[in-house]
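First the structure, in the form of structure tokens, and then the observations on it.
Residue numbers (full-length UniProt numbering): 1 to 398.
In structure tokens:
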């Protein structure tokens, strides 16, 4: 390897090492994609909330199927059906089934920015966006309305987002449980109801319009987790809690091995280093080790040509019998190697097999081998007899 090539190689290695160092020292940006999955540690996931929920509710059952399938399987157990996602888009059929289930004495908890239209119409509710001074997103603050759950101060989200509130409710069946307001706004001047309890038959709906308060980023900020925990006081945690895994934004997160490999900074660096070194080996190492492999032709069977050469020598010496025997020996060897037939006994069966394999007339073969027998038993043969034998053998081999 010349100096120029070595310099290029070391330059490439240095560049890769620099990229690895920069990648390791760079601050990883926060992933704000919505998830709400209970095993996910991203900002908008629910790992911290779920861990806390497990400490107060010992009977949590997971439903991976759609609510429609769950109700078709006859959900007879009493308890709380817990929905947590940015949007819980229940179908009309699922909403009807949920209404019937709650009416029989159960609880449905829905924390979502979107309540299914059928539920809103049935429960006489309406939802609005808060818009003030042309602003669409805020740092919302939250509190609860009923003692002893009311906090001394509102708990604020450090991330801005649009917030919703219940603009219409049925006072006969609905009770306000929580408030929301923009950060730094006076509660007396700007506050809205965003958490309610709606009685329905023998059961109730608990509806919260800010699912973000159950996410990792909100709960780790200061003492915000206190607000989140107090919203659970309206649940009967002694009964089973049915956790919905179907309506989850993050349930389709990529789970391929390569995804996990590249999501880990250490494994990702090792992966790229292996690829880079492999390319270097192909570019430089391969040139040094690869050599053209000569083509070695197979050894050809020259026994027939050899016999012809020997025959020519005997022709010069006029030893016709010896020359004829050499030709016969070569002829029999050719039959053994080409057609895999034994020539020890020239029988009728042998002649028929040879006729079949060579497509030669049986009578012609019989005459040929009778002539060979004649040559073998003769002490002396003439030049004409030798030529006759040569003609017969040449005809067979052609």
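The beta-carbon is built from N, C-alpha and C at its ideal position, and this holds for glycine as well.
Query, Result
"Output the boundary residues of the beta strand (DSSP E) element that contains residue 126.", "126 to 129"
"For residue 192 versus residue 175, is the C-beta spacing smaller than 8 Å?", "no"
"Helix, strand or coil for residue 32 per DSSP?", "coil"
"How long is the line joining the alpha carbons of residue 319 and residue 366, rounded to whole angstroms?", "26 Å"
"Would you check if the distance between the CB atom of residue 87 and the CB atom of residue 244 is smaller than 8 Å?", "no"
"Using DSSP with H/G/I as helix, E/B as strand and the rest coil, what is residue 198?", "strand"
"If I measure Cβ to Cβ from residue 60 and keep anything under 6 Å in the same chain, skipping five residues before and after, which residues do I get?", "241, 243"
"Quick one: which unbroken beta strand (DSSP E) runs of 3-plus residues sit fully inside the stretch 65 to 129? Chain order, please.", "80 to 84, 107 to 111, 126 to 129"
"So for residue 163, helix, strand or coil by DSSP?", "coil"
"Does DSSP put residue 251 in a helix, in a strand, or in coil?", "coil"
"Which partner residues does residue 186 have in the DSSP bridge list?", "In DSSP, residue 186 forms no bridge with anything."
"Thinking just about the alpha-carbon of each residue, which of 396, 375, 337 is nearest to the one in residue 361?", "396"
"Suppose you measure from the CA of residue 353 to the CA of residue 383; what does that come to, to the nearest Å?", "32 Å"
"Report, in whole angstroms, the separation of the C-beta atoms of residue 202 and residue 105, which I expect to be a contact under 8 Å.", "4 Å"
"Just list the residues that DSSP pairs residue 138 with in beta bridges.", "161"
"Residue 80: buried (16+ other C-beta within 10 angstroms of its C-beta) or exposed?", "buried"
"Quick one: what does DSSP say residue 368 is sitting in, helix, strand or coil?", "helix"
"Among 72, 386, 156, 51, which has the Cα closest to the Cα of residue 326?", "386"
"Is it the case that the Cβ atoms of residue 145 and residue 177 are separated by a distance below 8 Å?", "yes"
"Work out the CA separation of residue 163 and residue 92 for me, nearest whole Å.", "25 Å"
"Pull up the CB-CB distance for residue 405 and residue 215, whole angstroms please, since I reckon it's below 8 Å.", "Any property of residue 405 remains undetermined from this structure, which presents the chain solely from 1 to 398."
"Here's the rule: buried if 16 or more other CB atoms are within 10 angstroms of the residue's CB, otherwise exposed. What is residue 148?", "exposed"
"Spatial neighbours of residue 42 within its chain, please: CB distance less than 6 Å, with the 5 preceding and 5 following residues excluded, ordered by chain position.", "31, 35"
"For residue 213, which three-state DSSP category applies?", "helix"
"Determine the closest residue to residue 52 out of 204, 227, 89, with distance taken between C-alpha atoms.", "227"
"From this set, 179, 222, 18, 219, which residue's C-alpha is nearest residue 209's C-alpha?", "179"
"Could you give the first and the last residue of the continuous alpha helix (DSSP H) run that contains residue 244?", "Residue 244 -> not in any alpha helix (DSSP H); beta strand (DSSP E) instead, spanning 241 to 244."
"What are the boundary residues of the alpha helix (DSSP H) that residue 230 is part of?", "224 to 231"
"Please tell me whether residue 369 and residue 389 are closer than 8 Å, where the distance is taken between their beta carbons.", "no"
"Just to confirm before moving on: does the CB-CB distance between residue 119 and residue 126 stay below 8 Å?", "no"
"Using a Cβ-Cβ cut-off of 7 Å (strictly less than) and excluding sequence neighbours within five positions of residue 97, which residues of its own chain qualify?", "67, 68, 71"
"How is the beta strand (DSSP E) around residue 63 delimited, first residue to last?", "60 to 63"
"Which stretch, first to last residue, makes up the alpha helix (DSSP H) that contains residue 389?", "383 to 397"
"Is the distance from the Cβ of residue 218 to the Cβ of residue 157 below 8 Å?", "yes"
"Could you check what DSSP says for residue 168 in three-state terms: helix, strand or coil?", "strand"
"Which partner residues of residue 176 appear in the DSSP bridge assignment?", "196"
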